[in-house]
Amino acid sequence: MSLFTKEEALRYHSVARNGKLEVVPCKPFRNQKDLALAYSPGVAEACRAIYADPEKSWEYTNRGNLVAVVSNGTAVLGLGNIGPRAAKPVMEGKGLLFKIFADIDVYDFSINAPKPEQVIEFCKMLEPTIGGINLEDIKAPECFEIEQTLIDTLDIPVFHDDQHGTAIVSAAGLINACEITGKKIEDLRVVVSGAGAAAISCSKLYVAMGVNKGNVAMFDSKGHIHKGRTGLHSTKTFFAEAQKSEYKSLGEALKGADVFLGLSQAGLVTQDMVKAMGKSPIIFAMANPDPEISYTDAKAARPDAIMGTGRSDFPNQVNNVSGFPFIFRGALDAGAKKINEAMKMAAAKAIAALTREKVPSEICDMYGVKELKFGLDYVMPKALDFRLLEWEAPAVAQAAIDSGVATKKLDMTAYKAALRQRIDDAHKRLHAHLDTYDLSMI
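In this note's numbering, the protein residues as written are 150 to 591.
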């Protein structure tokens, strides 16, 4: 059952002040001196200092806490290629999540740039202004070229969340699912429905964790991706070349399989397919908004299954918001030039580790449950678990330092304490600001 009506959703985006974000000063503007410091002539001192030492831009501007969310609207949510104007509400929403979960400021850009080279050139031109780029809702395979080119070119973190956010959070769930079921990562046989950005990234991260590439059977709209297929993009060839045989159908591949990863469309998996999977199957059916098989149907077919979806109304929600705000927080605070594999793996492990901790009552209250306990129906933290900031951001920052992409050193004990205080202070400011609006119509 939906939590809201269409009318409520449209009111939310239009009442009091159109959209979901605004720019608010963080320095005083009470008198002539304040304005002279903010602009002319005082601003000239900051300009001169940065001209003399470009690295001072991190000190005298907001770059170190500013992320650009960039999309061309070619692969939006479950809506497809709806274009940049229709994509903008999503980008604003991403900005809201960055702010409330990690106190990161965002400029959102929905751009008229259908070609990869256009997106790349636009992002290159942003580098003097921002501290990181979150690519969003850009279709595959173009998204792979765009992200990799920017990673190779720019000295700021670039992260395509549609790829890596889902991969990192689901990897955390997979780590815990293996612990619960007693399965070994290296022995898993994985069946993947979908071969877009998220499916490719999830599968590659699982391989980096120890899954045998030959044990990953991936299906696109034309069927099983195997050696005999021609005209495949290199991202698909990576998996095709490792296949020892061809599966004629998704159902055939699922027989005896340990893991099902779904990033395709609703209704592709039946209860009989789930029944045919191996002992204690791990099922992450994440088609949006309706999964390849519903939680209810999967659990009815296999009560021993660990079942996760992208939905918040069932256990084990695989939600990108458990990843990207905290990954960028750690990357920005460490002055990282990249978000590399070590940082992604650190994020996944931190999320997995947090799941095993005792869950505070206030988080349980948010979800209307008495308790949340590590097990079949709790293999990853809830999206609103406020502790993610203190667990994940420091892990990412430390991985950046250890892997040599950071430009700063951090005292991790002090850093963790500062993060909690930072987000508490940010929420106080945000709530006080919201109180200035009449939001009674929402």
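We put the CB at the ideal spot given by N, CA and C, even for glycine.
- prompt: Looking at C-beta atoms only, is the number of pairs between the segment 505–517 and the segment 470–486 that lie closer than 8 Å three or more?
  reply: no
query: At which residues does the beta strand (DSSP E) containing Thr386 begin and terminate?
result: Position 237 of the sequence shown, counting from 1, holds the residue named residue 386. Element bounds for Thr386: not the beta strand (DSSP E) but the alpha helix (DSSP H), Ser383 to Ala389.
message: With a threshold of 8 Å, are at least 3 pairs of Cβ atoms found where one atom belongs to the segment 331–341 and the other to the segment 409–419?
response: Three or more beta-carbon pairs separated by less than 8 Å link the segment 331–341 to the segment 409–419, which places the two stretches in contact.
Exposure label - Gln466; buried when at least 16 CB within 10 Å: The residue labelled residue 466 in the question sits at position 317 within the sequence shown. Buried: at least 16 other Cβ atoms inside 10 Å.
query: So what does DSSP say about Tyr161, is it helix, strand or coil?
result: Here residue 161 refers to the residue found at position 12 of the sequence shown. Helix.
- prompt: Can you tell which of Ala316, Phe271, Cys327 and Leu323 has its C-alpha closest to the C-alpha of Thr302?
  reply: If you number the sequence shown from 1, residue 302 lands on position 153. Among Ala316, Phe271, Cys327 and Leu323, the Cα nearest to that of Thr302 belongs to Phe271.
query: Hey, out of Ala185, Ala236 and Cys196, whose CA is closest to Gly168's CA?
result: As a working note, residue 168 is residue 19 in the sequence shown. Cα-wise, what sits closest to Gly168 is Ala236.
query: Does Ser552 get closer than 8 Å to chain B when you measure Cβ to Cβ?
result: Absent from the structure: chain B. Only one protein chain is present.
field: Cβ shell of Ala348 (< 6 Å), same chain only, five flanking positions each side left out
entry: Here residue 348 is taken as the residue at index 199 of the sequence shown, counted from 1. If we look at Ala348 and ignore the five residues flanking it on each side, its Cβ neighbours are Val341 and Leu412.
- prompt: For the 8 Å Cβ check, are there 3 or more pairs between the segment 425–440 and the segment 278–290?
  reply: The way I'd put it, the segment 425–440 doesn't touch the segment 278–290; fewer than three beta-carbon pairs between them come closer than 8 Å.
field: Per DSSP, the bridge partner or partners of Ser220
entry: By one-based count along the sequence shown, residue 220 stands at place 71. Its beta-bridge partners are Ser259.
- prompt: So the alpha helix (DSSP H) Gly459 belongs to, where does it begin and stop?
  reply: One-based indexing of the sequence shown puts residue 459 at position 310. Careful: Gly459 lies outside any alpha helix (DSSP H) and carries neither H nor E.
- prompt: Do Lys376 and Ala357 have their CB atoms nearer than 8 Å?
  reply: Within the sequence shown, the letter at position 227 stands for residue 376. Within the sequence shown, the letter at position 208 stands for residue 357. Contact: no.
message: Please report the straight-line C-alpha distance between Asn94 and Ala198, rounded to a whole angstrom.
response: Residue 94 is absent from the structure shown; the chain starts at 150 and stops at 591.
query: For Met590, which of helix, strand or coil comes out of DSSP?
result: Numbered from its first residue, the sequence shown carries residue 590 at position 441. It is coil, neither helix nor strand.
message: Once DSSP output is grouped into helix, strand and coil, what is the label at Ser538?
response: The residue labelled residue 538 in the question sits at position 389 within the sequence shown. Inspection of the sequence shows that residue 538 is occupied by Leu rather than by Ser. Note: Leu538 maps to helix in three-state DSSP.
field: N- and C-terminal bounds of the beta strand (DSSP E) containing Val434
entry: Taking the sequence shown and counting its residues from 1, one reaches residue 434 at position 285. Per the sequence shown, residue 434 should be read as Ala rather than Val. That run of the beta strand (DSSP E) goes Ile431 to Ala434.
message: For the structure I just gave you, are there three or more beta carbon pairs, one from the segment 530–542 and one from the segment 207–215, closer than 8 Å?
response: no
field: Residue closest to Ala346, alpha-carbon to alpha-carbon, out of His309, Asp584 and Arg378
entry: What you label residue 346 is simply residue 197 of the sequence shown in a count that begins at 1. Comparing Cα positions, the closest option is His309.
field: Straight-line gap, Asn364 to Ser394 (C-alpha atoms, nearest Å)
entry: Residue numbering aside, residue 364 sits at position 215 when the sequence shown is read from its first letter. Residue numbering aside, residue 394 sits at position 245 when the sequence shown is read from its first letter. Going from the Cα of Asn364 to the Cα of Ser394 covers about 11 Å.
- prompt: Are the segment 540–547 and the segment 490–501 touching by the rule of at least three beta carbon pairs closer than 8 Å?
  reply: yes
Buried/exposed call for Thr585, threshold 16 Cβ in 10 Å: Residue 585 sits at position 436 when you count from the first residue of the sequence shown. With fewer than 16 Cβ atoms within 10 Å of its Cβ, Thr585 is classed as exposed.
query: Would a C-beta distance cut-off of 8 Å place Phe307 and Glu294 closer than the cut-off?
result: Locating residue 307 in the sequence shown gives position 158, counting from the first residue. Locating residue 294 in the sequence shown gives position 145, counting from the first residue. Checking the sequence shown, residue 307 turns out to be Val, not Phe. No. Outside cutoff.
query: What span of residues does the alpha helix (DSSP H) with Asp301 cover, start to end?
result: In the sequence shown, counting from the first residue as 1, residue 301 sits at position 152. Per DSSP, Asp301 belongs to the alpha helix (DSSP H) from Glu291 to Thr302.
query: Short check: CB of Phe153 to CB of Val218, under 8 Å?
result: As a working mapping, residue 153 is identified with position 4 in the sequence shown. As a working mapping, residue 218 is identified with position 69 in the sequence shown. No, Cβ-Cβ distance for Phe153 and Val218 is not below 8 Å.
- request: Determine the DSSP secondary structure at Leu284, reduced to helix, strand or coil.
  value: The count along the sequence shown starts at 1 and reaches residue 284 at position 135. Note: Leu284 maps to strand in three-state DSSP.
field: Environment of Ser589 [buried if 16+ CB atoms lie within 10 Å]
entry: Taking the sequence shown and counting its residues from 1, the one referred to as residue 589 is at position 440. Taking every protein chain shown into account, the CB of Ser589 has fewer than 16 other CB atoms within 10 angstroms, so this residue is exposed.
- prompt: How big is the Cα-Cα spacing for Asp369 and His382?
  reply: Taking the sequence shown and counting its residues from 1, the one referred to as residue 369 is at position 220. Taking the sequence shown and counting its residues from 1, the one referred to as residue 382 is at position 233. Distance from the CA atom of Asp369 to the CA atom of His382, rounded to whole angstroms, is 12 Å.
field: From Tyr396, Ala391, Gly380 and Lys353, residue whose alpha carbon lies closest to that of Gly372
entry: Taking the sequence shown and counting its residues from 1, the one referred to as residue 372 is at position 223. Closest option to Gly372, Cα to Cα, is Tyr396.
task: Go ahead and pull the three-state DSSP assignment for Leu152.
output: Taking the first residue of the sequence shown as position 1, residue 152 is located at position 3. Three-state result, Leu152: coil.
- request: Quick one: residues in its chain with C-beta nearer than 8 Å to the C-beta of Ser206, no 5 flanking neighbours on either side, listed in chain order?
  value: In the sequence shown, counting from the first residue as 1, residue 206 sits at position 57. Result list for Ser206: Ile199, Arg212 and Pro277, in chain order.
query: What residues match up with Ser342 in a beta bridge as DSSP calls it?
result: The residue given as residue 342 occupies position 193 in the sequence shown. DSSP, once it has assigned bridges, lists Phe368 and Gly411 as partnering Ser342.
message: Please classify His313 as buried or exposed, where buried requires at least 16 neighbouring CB atoms within 10 angstroms.
response: Taking the first residue of the sequence shown as 1, we reach residue 313 at position 164. So His313 ends up on the buried side.
- prompt: Where do the ends of the alpha helix (DSSP H) carrying His582 lie?
  reply: Taking the first residue of the sequence shown as 1, we reach residue 582 at position 433. Residues Met561 to Leu583.
- request: Following the continuous beta strand (DSSP E) through His309, name the residue where it begins and the one where it ends.
  value: Taking the sequence shown and counting its residues from 1, the one referred to as residue 309 is at position 160. Residue range Val307 to His309 is occupied by the beta strand (DSSP E) that includes His309.
- request: Out of Val225, Arg179 and Tyr188, state which residue places its alpha-carbon closest to the alpha-carbon of Ala436.
  value: Along the sequence shown, one-based indexing puts residue 436 at 287. When C-alpha distances from Ala436 are compared across Val225, Arg179 and Tyr188, the shortest belongs to Val225.
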